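Visitor: The sequence shown runs 0 to 333 under numbering that gives the first Met the number 0. C-beta atoms are modelled at their ideal positions from N, C-alpha and C, and glycine is treated no differently. The model shown is predicted, which means the values in this text are computed figures rather than measured ones.
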Amino acid sequence: MMSKAVKFSILDLSPVPQGSDVKTALDRSLALAQHGEALGFERFWMAEHHGMAGIASAATSVALSHIGAGTKTIRIGAGGIMLPNHAPMVIAEQFGTLEALFPGRVDLGLGRAPGSDQRVAQAMRRNLNTDPNQFPRDVVELQALLEGDPALGIQATPGAGAKIPLYILGSSLFGAQLAAALGLPYAFASHFAPQALDEALAIYRRDFKPSAQLAEPYAMCGFNIFAADTDDEAEHLATSMMQSFVALRTGNPGKLPPPVEGYRESLPPQAQSMLAQIMQGSAVGAPDAVLSGVRAFLDRTQADELIVCGSIFDQAAREKSYGLAAEVRDLIAA
Numbered sequence: 000m001m002s003k004a005v006k007f008s009i010l011d012l013s014p015v016p017q018g019s020d021v022k023t024a025l026d027r028s029l030a031l032a033q034h035g036e037a038l039g040f041e042r043f044w045m046a047e048h049h050g051m052a053g054i055a056s057a058a059t060s061v062a063l064s065h066i067g068a069g070t071k072t073i074r075i076g077a078g079g080i081m082l083p084n085h086a087p088m089v090i091a092e093q094f095g096t097l098e099a100l101f102p103g104r105v106d107l108g109l110g111r112a113p114g115s116d117q118r119v120a121q122a123m124r125r126n127l128n129t130d131p132n133q134f135p136r137d138v139v140e141l142q143a144l145l146e147g148d149p150a151l152g153i154q155a156t157p158g159a160g161a162k163i164p165l166y167i168l169g170s171s172l173f174g175a176q177l178a179a180a181l182g183l184p185y186a187f188a189s190h191f192a193p194q195a196l197d198e199a200l201a202i203y204r205r206d207f208k209p210s211a212q213l214a215e216p217y218a219m220c221g222f223n224i225f226a227a228d229t230d231d232e233a234e235h236l237a238t239s240m241m242q243s244f245v246a247l248r249t250g251n252p253g254k255l256p257p258p259v260e261g262y263r264e265s266l267p268p269q270a271q272s273m274l275a276q277i278m279q280g281s282a283v284g285a286p287d288a289v290l291s292g293v294r295a296f297l298d299r300t301q302a303d304e305l306i307v308c309g310s311i312f313d314q315a316a317r318e319k320s321y322g323l324a325a326e327v328r329d330l331i332a333a
């Protein structure tokens, strides 16, 4: 059983609802961050995705400046920046700028996936013939730029000397191994790819080497929460994200659709099985059901922090779901 206080944070993809636009999505994200700040969530992260009409956070550092300007205390950051899309110098300057604007509040999570399909990745990178070892080297180079290491012979301005904690993101064993080797916190994408979760956490904790940033392993896990007054209402709200997952896996991504009554049951068995696998890292229901689901997940993973995701079509229902999640957090802490 859990014997430690677990932090709760928010992961936001800034979903663009059908019938809406990017400006509305980013303003909804800001409203959620302000709500999360009032509820005592630890941090508010946004994710880098490209070429998707339903996600407004592609220019992640720009979107985070919108969030930072409208909040006061909650940590803000990337969950994550897809580092192979960028030169480390560019990210050091972008997040150095964010740290200058919002001192002591900025996190930088790093992943190696493209956050897009191969055509969009090529449009950003120009060349996809990259060395598989480049990501670890880029992480180390980014660390050196943020530390202002004189051995580099160049300086990120802003960025050099910024005290920005780095996190390694992943959904496979590679990220766990890298985070352990570098002595960095590790965030696993169990909210959509939970298959390797247990093995990745075991490898990370077993192989962790202390660093200047971190003395002991620190594991974060992505987790979907759809909470409402009743189980049926929560299941109904969750169908928006379910539809988005099915659309993405069938090559037809779009804006976040409104919920559909009985959606899961209407799907063919193969699609239902795919959803069941994706949503292993989820709790859907009334507060008691969510409390039970969160407790079971924390007992299983011994996570230091849950980073909660929940793409809900209606903004009021979205904020209420996070409010109920905060009540669950407080019950567990008590």
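(1) Alpha carbons only, please: which of A4, K6 and L10 is nearest the one belonging to H354?
(2) Check the C-beta distance from T96 over to P14 and give it rounded, since I have them as a contact under 8 Å.
(3) Kindly give me the distance between the Cβ atoms of V105 and I66, rounded to whole angstroms, as I take these residues to be in contact under 8 Å.
(4) Taking the CB atoms as reference points, tell me whether V138 and L82 lie closer together than 8 Å.
(5) With DSSP run on the structure shown, which of helix, strand or coil describes M88?
(6) If contacts are defined as beta-carbon pairs under 8 Å, then L168 and G174 qualify, I think. What distance do you get, rounded to the angstrom?
(7) For the 8 Å Cβ check, are there 3 or more pairs between the region 18-27 and the region 219-228?
(8) Could you tell me if A155 is buried or exposed, where buried requires 16 or more neighbouring beta carbons within 10 angstroms of its beta carbon?
(9) Which stretch, first to last residue, makes up the alpha helix (DSSP H) that contains F134?
(10) Rank L305, E260, R263 and V327 by C-alpha distance to the C-alpha of P286 and give the top, closest one.
(11) Using a threshold of 8 Å, state whether the C-beta atoms of A302 and V5 are closer than that.
(12) Would S64 pass as a contact of L100 if the rule is Cβ separation under 8 Å?
(13) Jot down the residue ranges of each uninterrupted alpha helix (DSSP H) in the region 58-88, minimum 4 residues, whole runs only, in chain order.
(14) Going by DSSP, what residues sit across from L165 in a beta bridge?
(15) Round the Cβ separation of L236 and I311 to the nearest angstrom and send it over; I've been treating them as touching at under 8 Å.
(16) Am I right that G69 and Q33 are in contact with their C-beta atoms under 8 Å? What's the rounded C-beta distance?
(17) Excluding five sequence neighbours on each side, which residues of the same chain lie with their C-beta closer than 6 Å to the C-beta of V293?
(18) Jot down the residue ranges of each uninterrupted beta strand (DSSP E) in the region 198-233, minimum 3 residues, whole runs only, in chain order.
(19) So, is A324 buried or exposed, given that buried needs 16 or more other C-beta atoms within 10 angstroms?
(20) Can you tell me whether P286 is helix, strand or coil according to DSSP?
(21) List the residues that DSSP assigns as beta-bridge partners of F7.
(22) Which residue from P193, A192 and R204 puts its Cα closest to that of L181?
Guide: This is what the structure gives:
(1) Lying outside 0 to 333, the shown extent of the chain, residue 354 is not represented and no answer is given.
(2) Contact doesn't hold; Cβ gap of about 26 Å is too wide.
(3) Not quite, the Cβ-Cβ distance comes to about 11 Å (not below 8 Å), so this is no contact.
(4) yes
(5) helix
(6) Yes, they are in contact, since the Cβ atoms of L168 and G174 sit about 6 Å apart, within 8 Å.
(7) no
(8) Buried: at least 16 other Cβ atoms inside 10 Å.
(9) Segment Q133 to E146, the alpha helix (DSSP H) holding F134.
(10) V327
(11) yes
(12) yes
(13) 59-68
(14) For L165, which the question treats as bridged, DSSP gives the partners L107.
(15) 5 Å
(16) 6 Å
(17) A282 and V327
(18) 218-226
(19) buried
(20) Here P286 carries a helix assignment [DSSP, helix/strand/coil].
(21) L305
(22) With respect to the C-alpha of L181, the residue from P193, A192 and R204 having the closest C-alpha is R204.
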